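Everything in the sequence shown is counted per our numbering, starting at 1295 for the first residue and increasing by one.
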Amino acid sequence: MIFFTLLIFFVLFAKKVVYMKQPNKKRSLSYRNFLYKAIIFVITVTVMVYFLPREGKFNYQFDIDKPWKYGQLMATFDFPIYKDDAVVKRELDSLNHSFQPYFVLNKKVENEAIKKLKENYQSRLKEYLPNPEYIKSIESNLRKIYSAGIISTNDASILDKDSTYAVRIISDKLAQSELINNLYTPKEAYEFLVSADSALINPVLLRQCGLNDFIIPNLTIDLDRTQTAKDEITNNYSWAKGVIISGQKIIDRGEIITPEKFNILESLRKESIQRSESLSQKRIILVGQILFVSFFIFLFLMYLNLFRKDYFKHRGNLMLLFSLMIVYSVATSLLSSETVININIIPFAMMAIIIRVFLDSRTAFMSYLTTILICSITLSLPFEFIVVQLAAGMAGIFSLRELSQRSQLFRTALIVILTYMFINFALELIIENDISKLNAHMYIYFIINGVLLLFAYPLLFILEKTFGFTTNVTLVELSNINNDLLKQMAETVPGTFQHSMQVANLAAEAANHIGANSQLVRTGALYHDIGKMENPAFFTENQTAGVNPHKNLSYEQSAQVVINHVIDGLKLADKHNLPKVIKDFINTHHGQGKTKYFYISWKNEHPGEEPNEEMFTYPGVNPFSKETAVLMMADSVEAASRSLPEYTEESISNLVDKIIDSQVAEGYFKNCPITFRDIETVKNVFKEKLKTIYHTRISYPELQK
């Protein structure tokens, strides 16, 4: 947190110096925008670093009888050569087998049992026993049993399970070793009492005396002393069989890993992990992770600020980019410690595809590269991970220019799977040098990865609604003339509908030639005049011969009716939940221009007077993108082309030049990133398309009789 505080303070101070000379309003807006980006930066870095593992790791993979595929490895610190796990287990099992637990002998139990026997003899046993010799035999045998020791049945089963052959019996502060076979359980003691003097005493009579009442365990385990003895054995056990000195060579590239070398490498791995588990080491790792993640997130923000200012200023774009980066880094961190789920089944290429569909290829690659580099520090083989994932991501980006059909995603998934397999196969040939040692499981993981990649299609719909984007899939669906709104338009205002279709064709063709989004232009063109459905008869393309309702209106009223088709169009767009990008075409296709027919007519009838400009001015905004600019040009050109008295190459060319040049002169395109070269290209496209539409047809001859 200290790092974040200092970073924010430094950047805020720098920002304050930069903005000191700006007006107050701009300065306030800049502060808010910068604060928003600073918060995104801090949250992104904090979440990513929080989930990054800080446990020690050994960034090498090795196995017995395989070559060492890394460079020369030198010991950077002294460490012991630990014994093999099988050797440790065998030696500890041997020590545990020879271990003798401690039992305490309680002499009071014997005295109480003999006393109880004598009392019972006087009260009831005389009736069963024919002479005093019986009671003497029982007492003598009981003393033998108690002298040897009686342990409980439960303790006996535990000793048998641990294969313990002897115990140490503590009596009068002295501990003596005693074999387990010399001790009695209650059952064994009872059998001994009944059968010890069977030649002189009738066992049947003894079984009727209830001898179990006099057999009580007099040996109880001393848990504390036993555990202390076990710990002493473990602490004194030598876990190592040698030492590697700092600076000593361990192994070199290409050497075959023998069992001895494997044991040394395994010892180095254990020691490295143990050293990194200390609190000071974890703090050092945390600082390193913060610096690493902060650096790459900062570079990505700089990329957006320098090359994609429109994304940098748009909060929805930033939220999408950093949300995806966080999700993938957290998922990688969580799965990096899993042994059941392999990290290669995560569809990383899906991130690149999603950003490519919503934004552009370069931003998709830069965000994908940043995420892959951050995720790589959680893995033991970062180089292989980066190479394989970058190749798959680039293949996904390049294979999907515009997503408009589901089949495109299937093709992309197949290309990504093949890229994964090809790059992994190449790396394995380089590292393993043996085809028989290829890891077949990796190719199964890549197939699963490709299947999961298909879930990008429904995910795009969710992200589209969440972050306010519009994909080409949605645009294609909206441009279907069988949907309700366009079908209603075709029935209500057929002339306007035909005009919109022609504008869509013109604009889409021009957009293709200047690198704009042709599908977006086509869909926007179909909806740009939907507001005319409110008053169809007031627009010439929908009027029947001889009927013109404008004859009964003043020029101001007529202008307002025409202007309202923009306002009505926006209301209809809201009612039918059209995306914002489509509303932009409705709002900009006339920009802040005037209804020139009524405006000029009013001025001609009122020479020397100035009209109320607002009554003749559209309430929209001027085009702000290539797509909206192309639509404005196509709309004006197509409408004007219908009034040409004759369609010749010269008349069409003059018409296109006149209309578009006047729009440029009036400043309609000042706020959009369209160049003069783009405008010239658009003109040429319009001229060729209009000549094709209005070309002279040959007349068919009449059949002479």
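Glycine included, C-beta positions come from ideal geometry on N, C-alpha and C.
For clarity, every value in this text was computed on a predicted model and none was experimentally measured.
Across the structure, Lys1781 and Ile1775 are spaced so that their CA atoms are roughly 6 Å apart. The DSSP-derived three-state label of Phe1677 is helix. Secondary structure of Val1787 (DSSP, three-state): coil. The C-beta distance from Val1403 to Ile1510 rounds to 5 Å, short enough to meet the 8 Å contact threshold. The Cβ atoms of Ala1928 and Leu1800 lie closer than 7 Å to each other. The Cβ atoms of Ser1930 and Ile1946 do not sit closer than 7 Å to each other. CA-to-CA, the gap between Tyr1531 and Thr1672 works out to about 35 Å.
By a beta-carbon distance limit of 8 Å, Ser1561 contacts Phe1373. Their separation comes to about 6 Å. Ala1380 counts as exposed, since fewer than 16 other beta carbons sit within 10 angstroms of its beta carbon. The beta-carbon distance between Ile1876 and Val1860, rounded to whole angstroms, is 13 Å. This is too long to meet the 8 Å contact definition. Here Val1587 has Val1339, Met1342, Val1343 and Ile1668 as same chain residues with Cβ atoms under 6 Å from its own Cβ, once five neighbours each way along the sequence are excluded. The C-alpha of Asn1476 is placed about 20 Å away from the C-alpha of Thr1520.
In the DSSP assignment, Arg1462 falls within the beta strand (DSSP E) that extends over Ala1460 to Ser1465.
Residue burial is scored here from C-beta neighbours: Gly1744 has at least 16 other C-beta atoms within 10 angstroms and is therefore classed as buried. Bridge pairing for Pro1361: Ile1550 [DSSP]. According to the DSSP assignment, Ala1469 belongs to the beta strand (DSSP E) that extends over Leu1468 to Leu1473. Taking 7 Å as the cut-off, the Cβ atoms of Ala1819 and Val1797 count as close. Between Ile1648 and Ala1625, the CB-CB gap reaches or exceeds 7 Å.
Bounds of any alpha helix (DSSP H) do not take in Gly1536; it lies within the beta strand (DSSP E) bounded by Ala1534 to Ile1538. Taking 7 Å as the cut-off, the beta carbon of Asn1916 is found no closer than this to the beta carbon of Asn1978.
Beta-bridge partners assigned by DSSP to Thr1514: Val1398.
In the DSSP annotation of this structure, Ile1968 is not part of any alpha helix (DSSP H), being labelled neither H nor E.
Distance from the CA of Glu1903 to the CA of Thr1817, rounded to the nearest whole angstrom, comes to 42 Å.
The C-alpha of Leu1747 is placed about 17 Å away from the C-alpha of Met1619. Shown here, Leu1346 sits in coil according to DSSP, grouped into three states, outside any helix or strand. Taking the Cβ atoms as the reference, Ile1544 lies roughly 7 Å from Met1368, within the contact range of under 8 Å.
When Thr1882, Phe1397, Lys1874 and Phe1594 are compared, the shortest CA-CA separation from Pro1913 is found for Thr1882. Counting every other CB atom within 10 Å of its CB across the protein chains shown gives Thr1657 a total of 16 or more, marking it as buried.
In the structure shown, the three-state DSSP call for Pro1913 is coil. Per DSSP, reduced to three states, the secondary structure at Tyr1354 is coil, with no helix or strand assignment. Sequence-distant partners of Gly1885 (beyond 5 residues in either direction) whose C-beta falls short of 7 Å from its own C-beta, in its chain, are Tyr1912, Gly1914, Val1915, Asn1916, Pro1917, Met1926 and Tyr1962. Counting C-beta pairs closer than 8 Å gives three or more between the stretch 1404-1419 and the stretch 1497-1516, which meets the contact rule. Straight through space, the alpha carbons of Arg1936 and Leu1847 are spaced by roughly 24 Å.
DSSP lists Leu1513 as the bridge partner or partners of Ile1445. Looking from the CA of Ile1539, the closest CA among Phe1652, Thr1370, Leu1663 and Asp1378 belongs to Thr1370. Nearest in C-alpha terms to Lys1874, of all of Thr1514, Phe1761 and Glu1427, is Phe1761.
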